[in-house]
Amino acid sequence: MSSKSTINKEVFTPNDEKMLAAVQVKRRTKKKIPFLATGGQGDYMTFICLSVTNRKPSQLSITKVKQFEGSSAFTKRSMWTIDQLQQINGIDPNRDCPEFDLTFDNAFDQWAASSAGEKCTFVQILHHTCQRYTPNKKPEFVNCQAKLMGEDQDVVVRCRVFLSKMRKELVVQHGHLRRQGKTGVSHKVMKSHFN
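In terms of the working numbering, the sequence shown opens at residue 12 and continues consecutively.
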């Protein structure tokens, strides 16, 4: 079983939640308060997880989960509601990179995902989930690639609508020209527009 499946089974399922996404991360900067207890000795893996409750109304949460070296158990360390999430900073909107920042009402963390692809998947699912479940107070997504925000799809849809309108106008124009006996000209016009 993968780490993410195990996290869902051990941490979220017992609380009647479903994990929607998880990203393995490491801090980009050291904690400013070094005397805080980490809950374990030695190395550990950290995951940032997005989850939703199974009961209605659905509640979204972002949870920091750790697995300490030598242990097979995953431990929930911190949890925030989606309403506490103020901003997601994707760091560079022009290229895939593993770095991202999360700003909450009471916390700010700078992370590096295990890969740029894993970060992109997490941000994309987080954005889509926020659009679906948080109609009022959505967090701000800054420096995130358009492909992650679904904006590329909006452009494609708008282009298809425009082309559909053009095609309909040309069909109407073709009908008028045909009735006037000028079919050769309109056929050439239609071919040039759609080839």
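Cβ coordinates follow ideal geometry from the N, Cα and C atoms, glycine included.
Exercise. Which one or two residues does DSSP pair with Leu96 in a beta bridge?
Worked result: Position 85 of the sequence shown, counted from the start, is the residue given in the question as residue 96. DSSP output for Leu96 lists Phe115 as bridge partner(s).
Problem set entry | Same chain only: Cβ atoms within 6 Å of Ala124, ignoring 5 sequence neighbours per side | Residue numbering aside, residue 124 sits at position 113 when the sequence shown is read from its first letter. Excluding residues within five positions, the ones whose Cβ falls inside 6 Å are Val34, Val36, Pro109, Lys130.
For this session: Return the chain-ordered list of same chain residues with a C-beta closer than 7 Å to the C-beta of Leu137, the five sequence neighbours on each side being excluded.
Result: Sequence index remark: in the sequence shown, residue 137 carries index 126 (1-based). Closer than 7 Å at the Cβ level, and outside the excluded window around Leu137, lie Ala32, Leu61, Ile99.
Exercise. Between the C-alpha atoms of Lys202 and Gln191, what's the straight-line distance to the nearest angstrom?
Worked result: Sequence index remark: in the sequence shown, residue 202 carries index 191 (1-based). Sequence index remark: in the sequence shown, residue 191 carries index 180 (1-based). With a pLDDT of only 49 at Lys202, under the threshold of 50, the placement of this residue in the model should not be trusted, and no figure is reported.
Exercise. Helix, strand or coil for Ser2 per DSSP?
Worked result: The structure shown does not extend to residue 2, since the chain is modelled only from 12 to 206, so the question has no answer here.
Problem set entry | Beta carbon of Lys149 nearer than 8 Å to that of Cys141 | In the sequence shown, residue 149 corresponds to position 138, counting from 1. In the sequence shown, residue 141 corresponds to position 130, counting from 1. Cβ distance < 8 Å, so Lys149 and Cys141 count as in contact.
Exercise. How should Val153 be labelled, buried or exposed, when 16 other C-beta atoms within 10 angstroms of its C-beta is the threshold for buried?
Worked result: Taking the first residue of the sequence shown as 1, we reach residue 153 at position 142. When all chains shown are included, Val153 counts as exposed.
Exercise. Going by other Cβ atoms of all chains shown within 10 Å of its Cβ, with 16 needed for buried, is Gly186 buried or exposed?
Worked result: Here the question's residue 186 lines up with position 175 in the sequence shown. Exposed, by the Cβ-count rule.
Exercise. Does DSSP classify Lys149 as helix, strand or coil?
Worked result: Residue 149 sits at position 138 when you count from the first residue of the sequence shown. Lys149: coil per DSSP, three-state reduction.
For this session: Select from Arg66, Thr40, Val76, Lys67 the residue whose C-alpha is nearest the C-alpha of Glu21.
Result: Your numbering for residue 21 matches position 10 in the sequence shown. Answer by Cα proximity: Val76.
Exercise. Roughly how many whole angstroms lie between the Cα atoms of His139 and Phe133?
Worked result: By 1-based counting over the sequence shown, the position of residue 139 is 128. By 1-based counting over the sequence shown, the position of residue 133 is 122. Near 10 Å, if we compare the C-alpha coordinates of Phe133 and His139.
Exercise. Is it the case that the Cβ atoms of Phe58 and Ile18 are separated by a distance below 8 Å?
Worked result: On the sequence shown, position 47 is the one that residue 58 refers to. On the sequence shown, position 7 is the one that residue 18 refers to. A contact, by the Cβ cut-off of 8 Å.
For this session: Starting from the Cα of Met30, find the closest Cα among Asp54, Gln70, Asp107, Thr40 and give me that residue.
Result: For the purposes of this step, residue 30 is identified with residue 19 of the sequence shown, where counting begins at 1. Closest by alpha carbon: Gln70.
For this session: Could you tell me if Thr74 is buried or exposed, where buried requires 16 or more neighbouring beta carbons within 10 angstroms of its beta carbon?
Result: Position 63 of the sequence shown, counted from the first residue, corresponds to residue 74. With 16 or more other Cβ atoms within 10 Å, it is buried.
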